Amino acid sequence: MANERLRALEEVEKEIAMVLQCAGNIVMELSKDKHNASLLDRQLVQFQSSVNRVESELSGQIRYLTQVATGQPHEGSTYSSRKDCQMALNRAEYAKVKLGELGRTCEVMLEPPPPPLLASQQI
Amino acid sequence: MATQRALPQSKESLLQNYNKRLKDDIRSILDNFTEIIKTAKIEDETQVSRATQAEQDHYEMHVRAANIVRAGESLMKLVSDLKQFLILNDFPSVNDAISLQNQQLRSLQEECDKKLTSLRDEIAIDLYELEEEYYSSSYNQWDSADLPLCEAYRRRDSWASAGSSCSSSQGEQEETEGPPQQEVNTQHHLNGHAGATPIEKP
Chain A
1 MANERLRALE EVEKEIAMVL QCAGNIVMEL SKDKHNASLL DRQLVQFQSS VNRVESELSG
61 QIRYLTQVAT GQPHEGSTYS SRKDCQMALN RAEYAKVKLG ELGRTCEVML EPPPPPLLAS
121 QQI
Chain B
1001 MATQRALPQS KESLLQNYNK RLKDDIRSIL DNFTEIIKTA KIEDETQVSR ATQAEQDHYE
1061 MHVRAANIVR AGESLMKLVS DLKQFLILND FPSVNDAISL QNQQLRSLQE ECDKKLTSLR
1121 DEIAIDLYEL EEEYYSSSYN QWDSADLPLC EAYRRRDSWA SAGSSCSSSQ GEQEETEGPP
1181 QQEVNTQHHL NGHAGATPIE KP
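Protein chains in written order, with the numbering used here: chain A, 1 to 123; chain B, 1001 to 1202.
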């Protein structure tokens, strides 16, 4: 739910950019000697619809916040479950380390012993 | 109490300020754009020369265009402030986000613990065999008071089979050997790697 409202506000930001772009396109088209009437109409319709959408969306968000906002700070947290999860991952990591040690120990025991040195090699 | 009453008023005034900014910026964009379009109209009769009028119109359009851009940027700032206000003060969505995160973390923890438990059960079987192999080999340096797991299981099985046809002497033997078994088992559970350390010093 929170992500939907934040996504809606990001869409509003894109609409604001669209408003400015449409205004610029209209003025640029008017600066030419020959105007493309259909392009002007399309850009104008888009400009007006974008402005209306921006205003209605932001008004709706402000109205929702007026109903929902209190003066108190929120005191919830995910600390306890996060800590429990971290401990579980630490347990798994510890088990992995110990199993690794056990595996290495077994490999060491399974290796053939080195051959004994001859008397000529020892000198 | 006065402080508590002041806080909602500041939130109220903040939201009213947001409304005002929204209305002003939208009004600014629409008015300035309308005026630019009106200024673009070429008039035959002018009070000053055409060059001067053109220069004046040019400057006016620049200023109005800058006003439109300023209003657009002010709207973007307003959206940013609304996002911040939403994150901090939209309690229903904050509660939902917290409960969802808690649920995900708890399920991850349960899955981790379940896999560790199954791993423990599998490893116990292999450890039994490893200890049996180790304690019957020449590297064995175990203390007689510290029974390995395989030996403990073997003794327990032998007691169980002897207990079905128990005599008084065997019962006494069980009683004398029962507590050490429990102590050894607890020792083994408390220090499960007691068998491993001798291996490291052959």
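Yeah, the Cβ is synthetic: ideal placement off N, Cα and C, and Gly gets one too.
Note that the structure is predicted; figures quoted are calculated from it, not measured.
Integer Cβ distance of residue i from residue j, believed to fall under 8 Å
| i | j | result |
| --- | --- | --- |
| B:Asn1089 | A:Leu65 | 7 Å |
| B:Leu969 | A:Arg5 | Missing from the structure shown is residue 969 of chain B; chain B here goes from 1001 to 1202 and no further. |
| B:Ser1028 | B:Ala1071 | 4 Å |
| B:Leu1116 | A:Ala92 | 6 Å |
| A:Cys22 | A:Ser50 | 7 Å |
| A:Ile30 | B:Ala1040 | It should be noted that the sequence gives Leu, not Ile, for residue 30 of chain A. The Cβ separation is near 5 Å, so the contact holds. |
| B:Val1079 | A:Val12 | 6 Å |
| B:Leu1030 | A:Gln61 | At roughly 20 Å, the Cβ-Cβ gap does not stay under 8 Å, so B:Leu1030 and A:Gln61 are not in contact. |
| A:Gly76 | B:Ile1098 | 5 Å |
| B:Ile1036 | A:Val27 | 6 Å |
| A:Leu20 | B:Ile1068 | 7 Å |
Per-residue DSSP class, three states only, for residue i
| i | result |
| --- | --- |
| A:Asn36 | coil |
| A:Leu89 | helix |
| A:Thr70 | coil |
| B:Gln1047 | coil |
| B:Ile1042 | coil |
| A:Pro115 | coil |
| B:Glu1174 | Reliability fails at B:Glu1174, whose pLDDT of 43 lies under 50, so the model's placement of it is uncertain and no value is given. |
| A:Glu75 | coil |
| B:Asp1090 | coil |
| A:Ser50 | helix |
| A:Ser31 | coil |
| B:Ser1136 | coil |
| A:Glu10 | helix |
Proximal chain B residues relative to residue i, where beta-carbon distance stays under 8 Å
| i | result |
| --- | --- |
| A:Ser49 | In chain order: nothing, as chain B lies at least about 13 Å away. |
| A:Val54 | Ile1026, Leu1075 |
| A:Leu117 | The contacting residues do not exist; A:Leu117 stays about 19 Å from chain B at best. |
| A:Gly76 | Val1094, Asn1095, Ile1098 |
| A:Val19 | Ile1029, Gly1072 |
Within chain B, the residues that residue i reaches when beta carbons sit closer than 9 Å
| i | result |
| --- | --- |
| A:Asp33 | By Cβ distance, chain B contributes nothing, its closest Cβ being about 12 Å from A:Asp33, past 9 Å. |
| A:Leu110 | Neighbours of A:Leu110 on chain B: none; closest Cβ ~11 Å, over 9 Å. |
| A:Glu13 | Leu1075, Met1076, Val1079, Ser1080 |
| A:Val104 | According to the sequence provided, residue 104 of chain A is Arg. The question's Val does not apply to it. Near A:Arg104 there are no residues of chain B at all, since even the closest Cβ is about 10 Å away, more than 9 Å. |
| A:Arg91 | Cys1112, Asp1113, Leu1116 |
Interface partners of residue i on chain A, CB under 7 Å
| i | result |
| --- | --- |
| B:Asn1017 | Chain A residues near B:Asn1017: none, gap ~10 Å exceeds 7 Å. |
| B:Lys1114 | Here the premise fails: no neighbours, minimum Cβ distance about 10 Å. |
| B:Ile1036 | Val27 |
Contact list for residue i against chain A, beta-carbon separation under 8 Å
| i | result |
| --- | --- |
| B:Gln1056 | By Cβ distance, chain A contributes nothing, its closest Cβ being about 17 Å from B:Gln1056, past 8 Å. |
| B:Arg1106 | Ser81, Asp84, Cys85 |
| B:Lys1083 | Leu6, Leu9 |
| B:Lys1011 | Ala69, Thr70, Gly71 |
| B:Ile1068 | Leu20, Ala23 |
| B:Gln1053 | Within chain A, no residue comes near B:Gln1053; the closest Cβ sits about 17 Å away, beyond 8 Å. |
| B:Asp1121 | None at all; the shortest Cβ gap to chain A is about 13 Å. |
Neighbouring residues, chain B, relative to residue i (Cβ below 7 Å)
| i | result |
| --- | --- |
| A:Ser38 | Here the premise fails: no neighbours, minimum Cβ distance about 17 Å. |
| A:Gln61 | Leu1082 |
Under 9 Å by beta carbon: chain A residues contacting residue i
| i | result |
| --- | --- |
| B:Ala1040 | Val27, Leu30, Ser31 |
| B:Gln1101 | Thr78, Ser81, Arg82 |
Flag this pair as touching only if the segment 1102-1111 of chain B and the segment 80-94 of chain A have three or more C-beta atom pairs under 8 Å; answer yes or no. Yes, they touch.
Inter-stretch contact (C-beta, 8 Å, three-pair minimum) for the segment 1068-1083 of chain B and the segment 9-19 of chain A: yes
Touching by the beta-carbon criterion (3+ pairs, under 8 Å), the segment 67-81 of chain A and the segment 1091-1099 of chain B: yes
With a threshold of 8 Å, are at least 3 pairs of Cβ atoms found where one atom belongs to the segment 1050-1065 of chain B and the other to the segment 1118-1128 of chain B? Too few Cβ pairs lie closer than 8 Å, so no.
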